[in-house]
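In what follows, a structure is listed as structure tokens, so that the remarks can point back to it.
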Amino acid sequence: MSIPREQREAAQFLKELSGNDPIETHISAVFVGPEAAWKLKKAVRLPFLDFTSIKARQRFLQRELELNRWAAPAIYRDTAAVVRESDGTLSLTTDPGARPPLDWVLRMARVPRDDFLDALAARGGLTPALLDALGDCVANYHAGLPPVSGWDSPGALLEVVKGNRASALAAGLDRAEVQRWFEHTASALRERKGWLAARAEAGFVRRGHGDLHLGNLCLWDGKPLPFDALEFDERLATADLGYDLAFLLMDLDHRVGRGAANRVLNRYVARTGDAGLTRGLPLFLSLRAMIRAHALAAAGRGTEGAPYLRAALGHLRRRPALVLAIGGLQGTGKSTVARILAPEIGDAPGALVLRSDEIRKRLFHAAPEQPLPEAAYADAASEAVGRELVQSAQAVAAGGHTVVADASFLDPGLRAAIAAAARAARVPFVG
Numbered sequence: 017m018s019i020p021r022e023q024r025e026a027a028q029f030l031k032e033l034s035g036n037d038p039i040e041t042h043i044s045a046v047f048v049g050p051e052a053a054w055k056l057k058k059a060v061r062l063p064f065l066d067f068t069s070i071k072a073r074q075r076f077l078q079r080e081l082e083l084n085r086w087a088a089p090a091i092y093r094d095t096a097a098v099v100r101e102s103d104g105t106l107s108l109t110t111d112p113g114a115r116p117p118l119d120w121v122l123r124m125a126r127v128p129r130d131d132f133l134d135a136l137a138a139r140g141g142l143t144p145a146l147l148d149a150l151g152d153c154v155a156n157y158h159a160g161l162p163p164v165s166g167w168d169s170p171g172a173l174l175e176v177v178k179g180n181r182a183s184a185l186a187a188g189l190d191r192a193e194v195q196r197w198f199e200h201t202a203s204a205l206r207e208r209k210g211w212l213a214a215r216a217e218a219g220f221v222r223r224g225h226g227d228l229h230l231g232n233l234c235l236w237d238g239k240p241l242p243f244d245a246l247e248f249d250e251r252l253a254t255a256d257l258g259y260d261l262a263f264l265l266m267d268l269d270h271r272v273g274r275g276a277a278n279r280v281l282n283r284y285v286a287r288t289g290d291a292g293l294t295r296g297l298p299l300f301l302s303l304r305a306m307i308r309a310h311a312l313a314a315a316g317r318g319t320e321g322a323p324y325l326r327a328a329l330g331h332l333r334r335r336p337a338l339v340l341a342i343g344g345l346q347g348t349g350k351s352t353v354a355r356i357l358a359p360e361i362g363d364a365p366g367a368l369v370l371r372s373d374e375i376r377k378r379l380f381h382a383a384p385e386q387p388l389p390e391a392a393y394a395d396a397a398s399e400a401v402g403r404e405l406v407q408s409a410q411a412v413a414a415g416g417h418t419v420v421a422d423a424s425f426l427d428p429g430l431r432a433a434i435a436a437a438a439r440a441a442r443v444p445f446v447g
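Residue numbers (the numbering used here): 17 to 447.
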């Protein structure tokens, strides 16, 4: 175990309690037993955190409990102190009283390793149904977060960009490539400064998960569940929801494939209606890829990190956007064609598919698989769906992202409107 000297007695006790060596990162050690797991924060000081005092470790463990228990109450249980009994043995208690804690731990339910989504991805277990459930999971998680008011989204993101440049250089990544990445990223950020500020004003900045990749999602009762939200830096975790989502999209794109990332993106937008986030994806995905690149390099795994550095640069090279309209009667396969084409066109992770059926379901507060009453197909409702489809397609395409518009297009007026939306966005129209 790579445990600081002053924590070794507590760590040995937790090892014996769990019956296993810990699963370690540079800042924590998790001891997994048959029914429960105990997380010990290491007494370390890094540029972005300081866990060297027992009080700090207790405070951040409590914060971790607060951040995660609302989303995963079955996993997160309590914090407990490691104390010495009168006979000299160690024990765990939630109420140490007069006994000075040797350390503090976060007590959680045990999650089988095979149920972590990174493990599922590695064995090809992320089915289309599970990817849809993953999009739903993140949409529901974000919906439960309150907006943060008065947030300087462009300024905060610029600090993230600068911090990643410093971390990348400290990790030994190629200086010229890092500088090239920084210049392109800073330029992309400047181009989106007004957009980011408007998103913040509209409520899209929230204190999110902050570390939403496949390793921090698991199956619980057969459904995806986020855990291990970033607890030690409120500024890093407070951001545009698109940036919070982007870590998962980047991870899926790299580990599973573009089709998986595209499916989750489209499911998330179908549930939230936040088609506008696509304008930030090149910047958001690039940042997330750079974080993974320098983290792996710092851990001595530079070969693994090299593809992420290439991805960080690649996400900033834009493909021309277009609007592709696919029409036809229900049951003719147009949605299947749209889903197949979407990952292959446009910027990562592929085109945004705007399906009239999904828009209709969202407007009536229904899940995509849920049937609707006849009233949902009245003329007024269909006109509202058409307006939403056209307006979203124009906004997304104008922001530089490719759109696939999926509807029957039996109405000549709707066909003309979607073509006009492409012209207004100054992108090619195919359909």
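No residue lacks a Cβ here, since even glycine has one placed at the ideal position from N, Cα and C.
For residue i versus residue j, is the C-beta distance shorter than 7 Å?
{"i": "R283", "j": "D148", "result": "yes"}
{"i": "L265", "j": "A277", "result": "yes"}
{"i": "A328", "j": "A311", "result": "no"}
{"i": "L338", "j": "V412", "result": "no"}
{"i": "R100", "j": "A53", "result": "no"}
{"i": "A441", "j": "Q410", "result": "yes"}
{"i": "R222", "j": "L161", "result": "yes"}
{"i": "A155", "j": "T288", "result": "yes"}
{"i": "A253", "j": "G226", "result": "yes"}
{"i": "F47", "j": "L106", "result": "no"}
{"i": "A291", "j": "S408", "result": "yes"}
{"i": "A313", "j": "A159", "result": "no"}
{"i": "A354", "j": "Y324", "result": "no"}
{"i": "L133", "j": "L233", "result": "yes"}
{"i": "E455", "j": "L108", "result": "The structure shown does not extend to residue 455, since the chain is modelled only from 17 through 447, so no value can be given for it."}
{"i": "G113", "j": "R295", "result": "no"}
{"i": "G179", "j": "V280", "result": "no"}
{"i": "Y157", "j": "A255", "result": "no"}
{"i": "A216", "j": "W167", "result": "yes"}
{"i": "P117", "j": "A97", "result": "yes"}
Whole angstroms are fine: how far does the CA of residue j sit from the CA of residue i?
{"i": "W211", "j": "F220", "result": "11 Å"}
{"i": "R271", "j": "L136", "result": "11 Å"}
{"i": "R63", "j": "L228", "result": "The question names Arg, but residue 63 is Pro in the sequence shown. Whole-angstrom Cα-Cα distance: 22 Å."}
{"i": "A204", "j": "L299", "result": "6 Å"}
{"i": "L426", "j": "E385", "result": "23 Å"}
{"i": "I19", "j": "D130", "result": "26 Å"}
{"i": "R334", "j": "T418", "result": "11 Å"}
{"i": "R251", "j": "Q346", "result": "47 Å"}
{"i": "G321", "j": "L146", "result": "27 Å"}
{"i": "G273", "j": "T319", "result": "19 Å"}
{"i": "G453", "j": "I361", "result": "One cannot answer for residue 453 here, as it falls past the ends of the chain, which runs 17 to 447."}
{"i": "R439", "j": "F445", "result": "7 Å"}
{"i": "G104", "j": "E82", "result": "32 Å"}
{"i": "H381", "j": "E399", "result": "17 Å"}
{"i": "D94", "j": "V176", "result": "32 Å"}
{"i": "P428", "j": "A392", "result": "21 Å"}
{"i": "L297", "j": "T352", "result": "24 Å"}
{"i": "L173", "j": "G224", "result": "14 Å"}
{"i": "E22", "j": "A72", "result": "15 Å"}
I'd like the list of long-range same chain contacts for residue i, defined as Cβ closer than 7 Å, with 5 residues on each side in sequence excluded.
{"i": "A383", "result": "K377"}
{"i": "L301", "result": "A262, L265, M266, H331 and A364"}
{"i": "V194", "result": "R181, A184 and L185"}
{"i": "R431", "result": "F425"}
{"i": "S102", "result": "none"}
Could you check how far apart the C-beta atoms of residue i and residue j are, in whole angstroms? I think they sit under 8 Å.
{"i": "A89", "j": "C153", "result": "A quick correction: the sequence has Pro, not Ala, at residue 89. With a Cβ gap of about 15 Å, P89 and C153 do not count as contacting."}
{"i": "S44", "j": "K58", "result": "6 Å"}
{"i": "A218", "j": "N84", "result": "Going by Cβ atoms, the distance from A218 to N84 rounds to 27 Å, so no, they are not a contact pair."}
{"i": "I356", "j": "F243", "result": "Wrong, their Cβ atoms sit about 33 Å apart, outside the cutoff."}
Near residue i, which residues of its chain fall below 6 Å by C-beta distance, leaving aside the five closest residues on each side in sequence?
{"i": "L293", "result": "G258"}
{"i": "F248", "result": "L65 and F76"}
{"i": "A358", "result": "N278, G366, A367, V369 and V420"}
{"i": "S372", "result": "V401, L405 and A423"}
{"i": "A341", "result": "A421, I434 and G447"}
{"i": "E199", "result": "none"}
{"i": "G275", "result": "P359"}
{"i": "V285", "result": "A291"}
{"i": "D395", "result": "none"}
{"i": "D237", "result": "none"}
{"i": "R115", "result": "V99"}
Between which residues of its own chain and residue i is the CB-CB distance below 8 Å, once the five residues before and five after are set aside?
{"i": "K209", "result": "P170"}
{"i": "R61", "result": "F67 and T68"}
{"i": "L33", "result": "F47, G49, W54 and L108"}
{"i": "P144", "result": "R279"}
Handout entry: Segments assigned beta strand (DSSP E), at least 3 residues, entirely inside the stretch 104–160
Key = Fully enclosed beta strand (DSSP E) runs of 3 or longer: 106–109 and 119–125.
Practice task
Would you list, in sequence order, the uninterrupted beta strand (DSSP E) runs of no fewer than 3 residues that lie entirely inside the stretch 273–355?
Solution key: 339–342
Exercise for the section: Any chance you could list the beta strand (DSSP E) runs of at least 3 consecutive residues sitting entirely within the stretch 355–409, in chain order? Expected result: 368–371
Practice task
Could you name each continuous alpha helix (DSSP H) segment of 4 residues or more that falls completely within the stretch 194–244, going from the start of the chain to the end?
Solution key: 209–217
Practice task
Enumerate, from N- to C-terminal direction, the unbroken beta strand (DSSP E) stretches of 3 or more residues contained entirely within the stretch 42–72.
Solution key: Listed in chain order, the beta strand (DSSP E) runs fully inside the stretch 42–72 are 44–48 and 52–57, counting runs of at least 3 residues.
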